[in-house]
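Here the structure is laid out as structure tokens; the discussion comes afterwards.
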Amino acid sequence: MNSPLGRRGPSASAVCALAAALGAGAAFAGDPPPPSGPEAAIRLLEKRAAEDPRDFLTRTLLGGAHARRGRETGDLACYVRAEEAFRDALRLKADHVPASTGLAGALASQHRFREALEAAGGVLAKDAADGGALAVAYDAAMEAGLYPRAAEALAALEKAAPGAPAALARSALWAEVHGAMEKAVERADAAAKASAEAGEDPEARAWYEARAGDLRFHRGDLEGAKARFDAALAIHPTHPAALHGLVAVRRARGDEAGAREILEKVAAAAPTPGVLFDLSEVLAALGKAEEAEKAQDRAVALATREGPWRRTYRREMAEFLVDRGGDPERALLLAREDLEERGDVHGHAVLAWCLHRCGKQDEAAAEMDRAMALGTHEPSFWERAALIRLARGEKEKALELLERVRATGAWFLGDEGRRALESLR
Amino acid sequence: MGSTLLRRAAITAGLAVLVLGAPGVGLRAADHGDAPAIRLDSRKDINDVYVFQSPSTPANTVFVMTVSPLAGTLSPVDFARKTRYEFVVDRDGDAVEDAVFSFTFGKPDALGVQPVTLKTSGVAKQKVTGKTTMNVAIPSGGQFRCGVFDDPFFFDLVGFRAGLQFSAANSVDFFRGFNTLAIVMEVPIATFAPDVNLGVWARTKTPKQLDRMGRPAINTVLVPSARKDEFNRGQPADDRVVFGDAAIAILMALGNDMPTSVALADTLLPDVLTVDISNAGGFLNGRRLTDDVIDIELNLLSGGAIPTDFVDNNDVAFLPTFPYLAPPH
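Same order as they appear, the protein sequences are chains A and B. The first sequence runs 209 to 633 under this note's numbering. The second sequence runs 39 to 367 under this note's numbering.
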């Protein structure tokens with residue numbers, strides 16, 4: 209049984225050895241490593257899963273490969289396939305923790321945050337220090353607005369993986385949501401540094417750099433933000449978050465044509481509703497009304513597809529309908545629906561704005577107070593809060609908030625905010 | 039203004055899959071993904087360690103360390119930087135390091151090739167530089183090669199994880215078609231003269247020790263889940279004292295009586311791969327690529343009740359000469 213030749217038999221083994229030796233001549237002549245990537249991984253894993261109907265491990269790996277593809281393309285269908293693969297694995301072995309953790313992640317990526325929390329909770333009930341489950345639990349709790357639960361998950365994650373980029377990045381998000389921008393930037397920078405030092409894969413390193421850029425952008429540091437987005441793109445030239453960040457910088461500088469150039473590239477590679485709505489905005493600003501409408505129609509078509517798309521992009525649709533789409537009542541319905549699943553500070557802010565546009569100023573103010581209760585550093589919150597206050601006749605408070613936006617970066621002010629600031633001064 | 043919210047939402051949602059994108063999806067096998075902290079970066083996760091007499095040059099001893107399970111499928115195909123990959127050698131049987139062969143890697147070029155440096159201590163001190171994917175000569179004798187190879191490990195991992203459900207009809211090598219990163223080094227037996235009875239383990243450090251491994255599956259099988267990180271960060275010389283009782287308890291839970299469990303724990307701890315480098319024999323004398331360590335350990339740990347996983351050899355043949363491992367798929 210322990211014979212090196214085993215069941216294969218001597219002659220077959222000899223043939224294999226010869227073939228391997230011949231193959232080695234080519235493969236070992238200083239060739240680079242074999243190509244890797246999610247597409248190739250998915251093909252290999254699908255083949256293996258078909259070969260072995262018992263194989264819950266390969267099905268778990270297949271789920272992971274689909275999730276990675278989703279991360280790189282923004283294509284929600286990848287997360288649906290990831291969920292299917294993880295569920296297949298769990299049908300074969302119900303207590304397979306990595307499949308449960310993967311399932312939690314796939315659910316979170318489809319914005320099914322409460323289901324994700326439940327799945328992650330199941331894993332943590334067996335192993336309270338499971339890094340993957342803690343990360344998903346934190347992310348899902350943050351998105352659901354369950355901040356005390358997120359705090360618990362973050363503390364456990366920092367203990368389970370001290371100094372890990374994934375833990376530092378989550379700590380940065382926590383600081384940002386609570387208005388501690390210095391700390392947020394410091395943590396995000398530490399995450400990027402740790403990721404680079406550990407030599408993590410380009411997609412991950414670029415993400416951490418883009419995150420450091422995003423925080424700088426929101427602090428009003430356009431130069432610093434651009435440097436980090438550029439650094440991210442030097443690592444991963446098509447990284448969606450970095451490209452999107454660069455779009456924001458260009459638009460802040462009034463370079464709508466430059467923003468259009470990037471957005472069109474991103475839309476060609478990964479046409480998500482968010483990208484297409486932004487492209488539509490930019491095209492409209494450039495006076496390209498017809499093209500803007502086409503991009504907008506594509507965005508709406510994608511965001512309203514049946515299945516996970518409609519749920520995932522509900523907030524984006526509400527944002528679109530409340531202003532440019534001209535249907536604040538429908539926007540309000542969507543914002544309320546969205547908040548039930550995704551009750552984070554941003555959800556409250558969107559609902560507040562929809563209420564404002566529907567003329568419900570008292571409710572809008574109360575909702576905006578909820579959005580700002582944690583002290584989140586978010587200029588768009590302040591501008592919207594100012595306009596809501598103004599609608600209620602609270603000019604002094606409105607002026608204070610608008611000045612705060614302007615001091616952070618004049619580009620954060622939309623036309624309405626700018627006009628209001630001028631009239632209040 | 040809307041785009042600000044949209045961008046924020048997109049980035050935050052991305053967080054959810056960032057950690058999961060990292061590999062290590064529960065492949066607890068020989069030593070694959072054996073601890074939570076290690077699973078965050080699979081390249082620092084030691085899969086397997088082999089030490090054997092070279093079949094083509096019997097005057098040489100071969101050391102192999104594999105890391106990054108499923109390299110190129112879900113794990114990276116480059117070695118981690120700022121990380122030391124080390125073969126540690128005990129020459130006098132006290133499970134304390136006497137010699138170290140330490141490999142470090144630089145930034146990959148456009149083709150993914152990395153600079154590699156070997157530093158030795160406790161034997162003729164040298165510093166050797168080269169590149170991955172190439173055979174690099176060691177001035178004092180021997181050579182090394184680092185890169186992507188076929189994963190030499192063979193095991194019905196699915197059957198094992200399903201509760202030891204092995205059968206001739208169903209069992210297959212889970213690692214078939216998968217690649218791994220490996221460091222393959224061969225040095226003359228004379229490097230350790232006059233010693234021929236060595237204890238070997240591999241470890242990864244950043245500089246904190248992250249993982250270590252001697253014999254296959256020791257941490258995976260004999261150490262309780264909650265203590266696997268502690269084991270990985272520990273030293274072999276402490277193994278019997280620190281982990282002996284836990285190992286005995288697990289061996290008894292596997293159906294062994296107390297005396298057998300104590301004897302097995304004393305045999306398998308410390309987690310050092312003992313080898314007589316003048317002897318061509320295999321596991322438990324070192325470990326050859328072809329050794330069916332799973333069958334041997336299943337027999338040993340189950341008292342013969344589970345004799346085999348029905349996977350007897352690797353999916354592709356090993357090479358008769360350096361670097362011995364098969365090329366990547």
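Backbone N, C-alpha and C fix where the C-beta goes; we use that ideal spot for every residue, glycine too.
- For residue 301/A, the nearest beta carbon of chain B is closer than 8 angstroms to its own beta carbon.
- Residues are counted here when their Cβ sits less than 7 angstroms from a Cβ of chain A; for the region 203-215 of chain B these are 208, 210, 212 and 215, given in chain order.
- Here DSSP, grouped into helix, strand and coil, assigns residue 379/A to helix.
- Using a CB distance cut-off of 8 angstroms, residue 437/A does not count as an interface residue toward chain B.
- Sixteen is the threshold: when 16 or more other Cβ atoms of the shown chains lie within 10 Å of the Cβ of residue 309/A, as they do, the residue is buried.
- Residue 589/A carries a helical assignment under DSSP once its states are collapsed to helix, strand and coil.
- If you ignore the 5 residues before and after residue 413/A, its C-beta comes within less than 7 angstroms of the C-beta of 403, 404 and 443, all in its own chain and listed in chain order.
- The alpha carbon of residue 104/B has as its nearest neighbour, out of 222/B, 98/B, 285/B and 149/B, the alpha carbon of 222/B.
- With respect to residue 489/A, residue 280/A sits apart: the two C-beta atoms are not nearer than 8 angstroms.
- Counting along the chain, the unbroken beta strand (DSSP E) around residue 123/B starts and ends at 122-128.
- Contact annotation, residue 560/A with residue 592/A: C-beta distance approximately 7 angstroms; criterion of less than 8 angstroms satisfied.
- Straight across, the Cα-Cα distance linking residue 565/A with residue 508/A is about 20 angstroms.
- Listed along the chain, the chain B residues whose CB falls inside 9 angstroms of the CB of residue 614/A amount to none; the nearest CB is some 14 angstroms away.
- Rounded to the nearest angstrom, the Cβ distance from residue 90/B to residue 293/B is 31 angstroms, too far for a contact under 8 angstroms.
- For residue 515/A, the closest Cβ of chain B is not nearer than 8 angstroms.
- One finds nothing in chain A with a Cβ atom closer than 7 angstroms to the Cβ of residue 107/B; even the nearest lies about 10 angstroms away.
- In terms of Cα proximity to residue 357/B, the closest of 188/B, 106/B, 172/B and 154/B is 188/B.
- Counting the other CB atoms within 10 Å of its CB gives residue 623/A a total below 16, which places it among the exposed residues.
- Contact between residue 218/B and residue 121/B is ruled out by a C-beta separation of about 16 angstroms, above the 8 angstroms threshold.
- Closer than 7 angstroms at the C-beta level to chain A, one finds these residues of the region 117-148 of chain B: 118, 119 and 120.
- Annotated three-state conformation of residue 117/B is coil, per DSSP.
- Taking CB atoms only, residue 405/A has a neighbour in chain B less than 8 angstroms away.
- Close partners of residue 273/A in chain B (Cβ separation under 7 angstroms): 112.
- For residue 249/A, the closest Cβ of chain B is nearer than 8 angstroms.
- Your pair residue 229/B and residue 161/B checks out as a contact, with CB atoms roughly 5 angstroms apart and the cut at 8 angstroms.
- Residue 200/B has a beta carbon lying within less than 8 angstroms of a beta carbon in chain A.
- For residue 297/B, the enclosing alpha helix (DSSP H) stretches over residues 296-306.
- The region 271-282 of chain B makes no contact with the region 140-153 of chain B: fewer than 3 CB pairs, one atom from each, lie closer than 8 angstroms.
- Secondary structure note for residue 309/A: its alpha helix (DSSP H) is the uninterrupted segment 305-317.
- Contacts with chain A (Cβ-Cβ distance below 9 angstroms) from the region 88-108 of chain B involve 108, listed in chain order.
- Contact between residue 373/A and residue 408/A is confirmed by a C-beta separation of about 7 angstroms, below the 8 angstroms threshold.
- Here DSSP, grouped into helix, strand and coil, assigns residue 87/B to strand.
- Remark: C-beta atoms of residue 441/A and residue 393/A do not approach each other more closely than 8 angstroms.
- Rounded to the nearest angstrom, the gap between the Cα atoms of residue 83/B and residue 117/B is 11 angstroms.
- Here DSSP, grouped into helix, strand and coil, assigns residue 183/B to strand.
- Interface annotation, residue 196/B: in contact with chain A, CB-CB separation under 8 angstroms.
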